[in-house]
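Numbering (the working numbering), first residue to last: -8 to 224. For glycine and all other residues, C-beta sits at the position ideal for the given N, C-alpha and C. Quick caveat: nothing in here was measured; it's all calculated off a predicted structure.
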Amino acid sequence: MQQWLVIGANSALAQAVLSRVKAAGHDYRGLSRNPPDDPNLARWQADETSLQAACAQWQAEGYQPTHVLICLGQLHNAELQPEKRLEDLHASALESLLYSNAALPALCLKHLLPLLKRSAAQVAICSARVGSIGDNHLGGWYAYRASKAALNMLVQTAAVEYARRAPDVRLMLFHPGTMDSPLSKPFQANVPAGKLFSAEFVADCLAQRYNELAQHEAGQAWFVDWQGQTVPW
Ligand SMILES: NC(=O)c1ccc[n+]([C@@H]2O[C@H](COP(=O)([O-])OP(=O)(O)OC[C@H]3O[C@@H](n4cnc5c(N)ncnc54)[C@H](OP(=O)(O)O)[C@@H]3O)[C@@H](O)[C@H]2O)c1
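Now the structure itself:
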């Protein structure tokens, strides 16, 4: 039986993945700022203290995840919108997105290491193609792009260390495509027909990517999109 751990468990993608996990009868745990009514999903404050407490609890239970999904992502809120030009850039937005999109997922890899070091686990961290430096021809969205690029570097750096300290764990940075969710809602009008994916479709794609991840080498995180194409750094 698989044992799943899902951080950001109330995100559209996490909910679609958890539906599959429950239907298959697998075990799961998760964290969310606003967890749905489910005893397996705990509340955290999106900070290191509550993350550490949750990881200690799972370790005390002897929980050994085989699959991890980190679904944290922020693009906009009441106070911040993606920047269209340099004049829109504010340090407060950069700080906020670097914290939720890069620092928190990296802290998850820090505190999950003791749980993962004796398992053969596959870890997916949600990134975004707009975090690819090589693929950036459009510009804009400074803080979100920078936070996802920082996430990619943090995860690749962790992959190098995991190869030594948790050699059977594999890490991937997953780009879901444009997916119908609260995150993409304000930006869906210009999405070409057939290119706005449901979270259920993306969850099916992600299941394939998990299967392929097991074949990858330790020490190299895989930046991959929903259809299995490697994304350039
Ligand atoms: N939708 C797209 O088109 C698209 C495209 C490229 C990449 N992505 C990435 O895919 C992942 C899943 O996103 P989604 O589309 O499913 O979006 P979503 O439904 O809006 O979920 C994002 C989740 O991230 C967590 N989160 C948001 N702001 C946070 C904050 N300030 N602090 C801590 N946690 C926070 C929340 O989890 P809880 O509610 O459980 O606390 C939230 O539900 C994200 O990493 C996103 O960047 C999405």
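(message) I'd like to know whether the C-beta atoms of C117 and C196 end up nearer to each other than 7 Å.
(response) By one-based count along the sequence shown, residue 117 stands at place 126. By one-based count along the sequence shown, residue 196 stands at place 205. Their beta carbons are not under 7 Å apart, which means C117 does not touch C196 by this criterion.
(request) Would you grab the beta carbon distance between S91 and Q65 for me? Rounded to a whole angstrom, and I think it's under 8 Å. (result) Against the sequence shown, residue 91 aligns to sequence position 100. Against the sequence shown, residue 65 aligns to sequence position 74. The Cβ separation is near 4 Å, so the contact holds.
(request) Along the alpha helix (DSSP H) that carries H102, what are the first and last residues, could you check? (result) For the purposes of this step, residue 102 is identified with residue 111 of the sequence shown, where counting begins at 1. First-last of the alpha helix (DSSP H) with H102: L95 to L107.
(request) On a CA-only basis, which of G130, A149, D79 and L80 is nearest C99? Give me that one, please. (result) For the purposes of this step, residue 99 is taken as residue 108 along the sequence shown, with counting starting at 1. Cα-wise, what sits closest to C99 is A149.
(request) Measure how close the beta-carbons of V121 and R136 come, nearest whole angstrom, since I'm counting them as under 8 Å. (result) In the sequence shown, counting from the first residue as 1, residue 121 sits at position 130. In the sequence shown, counting from the first residue as 1, residue 136 sits at position 145. About 5 Å; that satisfies the 8 Å criterion.
(request) With DSSP as the reference, label W224 as helix, strand or coil. (result) On the sequence shown, position 233 is the one that residue 224 refers to. In the three-state scheme derived from DSSP, where H, G and I count as helix and E and B as strand, W224 is classed as coil.
(request) Rounded to whole angstroms, what's the CA-CA distance from L129 to D159? Just pull it up for me. (result) The residue you call residue 129 lines up with position 138 of the sequence shown. The residue you call residue 159 lines up with position 168 of the sequence shown. Computed Cα separation, rounded: 38 Å.
(request) Return yes when the C-beta of T221 is under 6 Å from any heavy atom of ligand 1, and no when it is not. (result) What you label residue 221 is simply residue 230 of the sequence shown in a count that begins at 1. Distances taken from the Cβ of T221 to the heavy atoms of ligand 1 include none shorter than 6 Å.
(request) Helix, strand or coil for Y19, going by three-state DSSP, please let me know. (result) Against the sequence shown, residue 19 aligns to sequence position 28. Three-state DSSP puts Y19 in a strand.
(request) Return the Cβ separation of L142 and P96 in integer angstroms, given the expectation that the two are a contact with Cβ distance under 8 Å. (result) For the purposes of this step, residue 142 is identified with residue 151 of the sequence shown, where counting begins at 1. For the purposes of this step, residue 96 is identified with residue 105 of the sequence shown, where counting begins at 1. Contact flag correct, Cβ pair sits at about 6 Å.
(message) Bridge partners for M170 per DSSP, in chain order?
(response) The residue you call residue 170 lines up with position 179 of the sequence shown. When beta bridges are read from the DSSP output, M170 appears opposite F188.
(request) Tell me whether A45 counts as near ligand 1, meaning its Cβ is closer than 6 Å to at least one heavy atom of that ligand. (result) Taking the first residue of the sequence shown as 1, we reach residue 45 at position 54. Incorrect: A45 has no Cβ contact closer than 6 Å to ligand 1.
(message) Rounded to whole angstroms, what is the Cα-Cα separation between Q(-6) and A119?
(response) As a first step, residue -6 must be located in the sequence shown, where it is residue number 3. As a first step, residue 119 must be located in the sequence shown, where it is residue number 128. For Q(-6) and A119, the distance between alpha carbons rounds to 25 Å.
(request) Quick one: grab the DSSP three-state call for D79. (result) Position 88 of the sequence shown, counted from the start, is the residue given in the question as residue 79. DSSP places D79 in helix when its eight states are reduced to three.
(request) Quick one: grab the DSSP three-state call for W132. (result) On the sequence shown, position 141 is the one that residue 132 refers to. Collapsing the DSSP output to three states places W132 in coil.
(message) In whole angstroms, give me the CA-to-CA distance for D18 and R11.
(response) Residue 18 sits at position 27 when you count from the first residue of the sequence shown. Residue 11 sits at position 20 when you count from the first residue of the sequence shown. Looking at the two C-alpha atoms, the distance is approximately 11 Å.
(message) Quick test of your reading: L107 and A157, contact by CB under 8 Å. State the CB separation rounded to the nearest angstrom.
(response) As a working mapping, residue 107 is identified with position 116 in the sequence shown. As a working mapping, residue 157 is identified with position 166 in the sequence shown. Right, their Cβ atoms sit about 5 Å apart.
(message) Please state the DSSP three-state secondary structure of Q113.
(response) Residue 113 sits at position 122 when you count from the first residue of the sequence shown. In the structure shown, Q113 sits in a strand (DSSP, three-state: E or B).
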